[in-house]
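Peer 1: For the sequence shown, this note's numbering gives the first residue as 42, with consecutive numbering after it.
C-beta: ideal position from N, C-alpha, C; glycine also.
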Amino acid sequence: MGSTRRFEAWLIVIICLFTKATFGQNSFSTDSSYLASLLIEATQASHHNLDSSMYWSDILKTEAEIRQDTFFLGKAYTMLGNLHSRQANHDAAMQAFQQVLSFSLQQGDSTTMAGTYHNLGKSLEWQQQFDQAYHYYLKAKAVLPARPYTSIHGILTNSLGNIHALLSSLPDSTEYYYNSSVQIRKEIQDTASLAYVTHDWALLKINQQQVDTGLIMLRQAREGFIQTNQLWAVAQVAHSLGTAYLVKEDYDSAVYWYQICISEAEKTGNSNAILAAYRNLAPSYQALGQLEKLADAQAQIIQYQDSVYGSRTKSEINRLETQLALEAQERANAELEQQRAVQEARLATQQLYLIASGLAVFALIGLIFGLTKIRRRQQAFSDTLQAANQEINKQNQDIRDSLAYAQHLQQALLPTSSVLSGVLREYALLYRPLGFVSGDFYWAEQLGDGSSLIATIDCTGHGVPGAMLSVLAHSGLQEAVSTGKKEPCEILEHLHEFLQVNLQGQTQDGLEIGLCRISHKTNRLSFAGAGHSLLVVQRNELQRVPAGRFSLGSNRASQRQILQQEVEAVDYRDTFFLYSDGFHDQFGGVEGRKYYPKKLRDWLYQNHSLPMPQLEQALDQEFDNWIGGLAQVDDVLVLGFRPWPNPRTK
């Protein structure tokens, strides 16, 4: 376990040195190695001894100030801010984080800026200033690059989950953020931090009265902290276990875990955790009737209150004394080292010149030979890479050409605007395939008896698989009409059997469809659907004509019952809507949530009276505003229409 923490500390330093060499204002030197070694000591100590970590962080800050190294000075202030936060010294923590923020703003370092905004938010969250904390979390999210994921993404997402649980004014998205944090940490292989998410998630379960589930998760978090030797966090999770059992009124178990918390906190000198444990032990002992232990706990509370509130001054004095002694010793050592260096330099100058000249000749020869060999290898690799890229580009172009031609073929199957205008008096259409080709399509057909058919279809899947099924479905619809079927329920039954035969009954999936027959002579509309309902707005009232809850062509639809319903015309303003699930399943908005079917129904009702060209533009704009910068997740199809003629235009 100790080797794991040392490896993590060295990994942090390597990343810091790489970042400094790439973006920092100073070149890499032995000074950087020295400052990096101080950062290692501070980081390792932070997991088991806060006073020791504070000591090394102070030294790192002083040494970085002397060298005017703002990169490592920012790291020192970040360490100090986190340590002050753990000790509930929030004013000092906020001051340290503000100093780091100043550095990151000057350097334009968005990653450090995001991490510092998060740390400021976390400090405010611990002070129960939740609104201000949420403000800083959103600022961190705004400046943090979306990709690639880093540990800050996982930490920030975790904190957003916490704040959504604490603020009743925010939507209940806590579990969404916790789950996202887990996925991010797994993707970047940050398994050492998974225990923090598990711990916070467990506290949410306990607050939701799911105490048994919370206890299981807390034990998982404890195992994670133990495996990664995070002793400060081991004490914290023991305190949470005690609190969970206190909620269950299992006072014996609560006492056990509070005592474990005290034992673990004593190892790291975490007086705050010890004080909190004794404060909760007191009511547990009182409930158990153990009055002597209650009196002892109350005495310990008084003792640790003095220790916690008085230790800050003592620690500050000790750190200042240690710092002065270290500076004096370093000055003395520097003077001795300078004297010795001068003497050795005088004796070794001539010998150094000879050795340096010889080494320079050999180094030059070796450099020429090595560069020549490297250049040849690079050229060979470059030729191979260029050939591979050309082949990949050619294959990609072939795929794009094939998909473009498939798109052209699929569009040829769709009814033209003139066909739609012949079937419907006026219409609004939003059709956005996810890729080149689509699993969603619309279909229209004019029958010889003065009636017309109009349908929206959503085949399982999108892209090429969905498009292949859509071609098969189009053939099935055309075959149904060609065999004389006119009623929607008959056409859907025929389409189901057609798909079963052609798919050989081997699929559990199929397609969803909403099909209308419009009789222009009698002003009646007949509807049947599988998965796609029909929305009707008449006399300014919204009605939903339900569809069967099954997919055509699926071997799960053996117990289907296709119902056909009739809608009588009221007047020429009657408005109808058919749509697939792509719009209301789209993620977007401020919170990145789904649009949802009810929101789509409400929007269509509120805008149904618009002229169809304006309604089509409004639909298009509403989808763009909702999706924002997120990716489209499915094919989108919405069709609104008014089939009855306007008597004023006759």
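Sort out for me which residues DSSP pairs W484 with in a bridge.
Peer 2: W484 pairs with A496.
Peer 1: Roughly how many angstroms separate the alpha carbons of R584 and L494, rounded to a whole number?
Peer 2: It is worth fixing the name first, because residue 584 is Gln in this sequence and not Arg. Rounded to whole angstroms, Q584 to L494 spans 21 angstroms at the Cα level.
Peer 1: How is the alpha helix (DSSP H) around A83 delimited, first residue to last?
Peer 2: Run containing A83: 71-86, per the alpha helix (DSSP H) assignment.
Peer 1: Which value, in whole angstroms, describes the spacing of the CA atoms of S98 and R263?
Peer 2: Approximately 27 angstroms between the Cα atoms of the pair.
Peer 1: Distance, Cα to Cα, D643 vs L656?
Peer 2: Going by the C-alpha atoms only, they are around 14 angstroms apart.
Peer 1: Hey, A276 and N311: beta-carbon distance below 7 angstroms or not?
Peer 2: Yes.
Peer 1: Going straight from the alpha carbon of I34 to that of L91, what length do you get?
Peer 2: Residue 34 is absent from the structure shown; the chain starts at 42 and stops at 691.
Peer 1: How would you call A243, buried or exposed, if buried means at least 16 neighbouring beta carbons within 10 angstroms?
Peer 2: Looking at its Cβ environment, which holds 16 or more other Cβ atoms inside 10 Å, A243 is buried.
Peer 1: Hey, how far is the Cα of Q136 from the Cα of G122?
Peer 2: About 8 angstroms.
Peer 1: Where does Y468 fall in DSSP's three states?
Peer 2: The answer is strand: DSSP assigns Y468 an E or B state.
Peer 1: Answer yes or no: do S94 and A86 have a C-beta to C-beta separation smaller than 7 angstroms?
Peer 2: Against a cut-off of 7 angstroms, the Cβ pair of A86 and S94 comes out as a contact.
Peer 1: Whole angstroms is fine: what's the gap from D26's alpha carbon to A588's?
Peer 2: Nothing in the structure corresponds to residue 26, since the chain is present only between 42 and 691.
Peer 1: Just list the residues that DSSP pairs V577 with in beta bridges.
Peer 2: Beta-bridge pairing links V577 to Q584, F617.
Peer 1: Would you kindly report the start and end of the unbroken alpha helix (DSSP H) that includes E104?
Peer 2: 91-107 is the extent of the alpha helix (DSSP H) around E104.
Peer 1: Output the boundary residues of the beta strand (DSSP E) element that contains Q606.
Peer 2: From DSSP, the beta strand (DSSP E) with Q606 extends over 606-609.
Peer 1: Quick one: grab the DSSP three-state call for A672.
Peer 2: It is coil, neither helix nor strand.
Peer 1: Within a Cβ cutoff of 6 angstroms, which residues of the same chain sit near D676, ignoring the five residues on either side of it in sequence?
Peer 2: Excluding sequence neighbours, D676 sits near P474, L475, S479, G480, D481, H503, G623.
Peer 1: Are L316 and Y326 close, meaning C-beta to C-beta below 7 angstroms?
Peer 2: No, these two residues do not count as a Cβ contact at 7 angstroms.
Peer 1: My output table needs one value for K246: the three-state DSSP class, helix, strand or coil.
Peer 2: Of the three classes helix, strand and coil, the one that applies to K246 here is helix, per DSSP.
Peer 1: Pull up the CB-CB distance for A485 and C500, whole angstroms please, since I reckon it's below 8 angstroms.
Peer 2: 17 angstroms between Cβ atoms; not a contact.
Peer 1: When DSSP builds the beta bridges, which residues end up paired with C557?
Peer 2: DSSP output for C557 lists I495, F568 as bridge partner(s).
Peer 1: Assuming L660 and A469 form a contact by the criterion Cβ under 8 angstroms, report the distance between their Cβ atoms to the nearest whole angstrom.
Peer 2: Contact holds; Cβ gap of about 6 angstroms.
Peer 1: Starting from G507, follow the alpha helix (DSSP H) in both directions and report where the run begins and ends.
Peer 2: Segment 504-523, the alpha helix (DSSP H) holding G507.
Peer 1: Here's the rule I'm using: 16 or more other beta-carbon atoms within 10 Å means buried, otherwise exposed. How should Q452 be labelled?
Peer 2: Label assigned to Q452: exposed.
Peer 1: Alpha carbon to alpha carbon, what distance is there between A117 and K101?
Peer 2: One detail in the question is off: residue 101 reads as Leu in this sequence, not Lys. Their Cα atoms are separated by approximately 6 angstroms.
Peer 1: If you check the beta carbons only, do W667 and Y613 fall under 7 angstroms apart?
Peer 2: No, these two residues do not count as a Cβ contact at 7 angstroms.
Peer 1: Looking at the secondary structure, which residues open and close the alpha helix (DSSP H) in which L678 lies?
Peer 2: From DSSP, L678 is part of no alpha helix (DSSP H) but of the beta strand (DSSP E) over 677-683.
Peer 1: Helix, strand or coil: how does DSSP classify L536 here?
Peer 2: It is helical.
Peer 1: Is the beta carbon of T198 sitting closer than 7 angstroms to the one on S234?
Peer 2: Cβ distance not < 7 angstroms, so T198 and S234 don't count as in contact.
Peer 1: Go ahead and pull the three-state DSSP assignment for P686.
Peer 2: Coil, per DSSP.
Peer 1: Return yes when the Cβ of L575 is within less than 7 angstroms of the Cβ of V586, no when it is not.
Peer 2: Taking 7 angstroms as the Cβ cut-off, V586 and L575 qualify as a contacting pair.
Peer 1: Kindly indicate the opening and closing residues of the alpha helix (DSSP H) around Q136.
Peer 2: Taken as a continuous stretch (DSSP letters only), the alpha helix (DSSP H) holding Q136 covers 131-148.
Peer 1: Just checking my contact of Y319 with A295 at CB under 8 angstroms: how many whole Å lie between their CB atoms?
Peer 2: Rounded, the Cβ-Cβ distance is 13 angstroms, inconsistent with contact.
Peer 1: Using only the alpha-carbon positions, how far apart do Q140 and E663 sit?
Peer 2: Their backbone Cα atoms lie some 43 angstroms apart in a straight line.
Peer 1: Tell me the residue span of the alpha helix (DSSP H) that contains L155.
Peer 2: The displayed chain sequence assigns Ala, not Leu, to residue 155. Counting along the chain, the alpha helix (DSSP H) containing A155 begins and ends at 151-167.
Peer 1: Quick one: measure Cβ to Cβ for D231 and G195, integer angstroms, because I've assumed they're closer than 8 angstroms.
Peer 2: Between G195 and D231 the Cβ distance is about 6 angstroms, and since that is below 8 angstroms, they are a contact.
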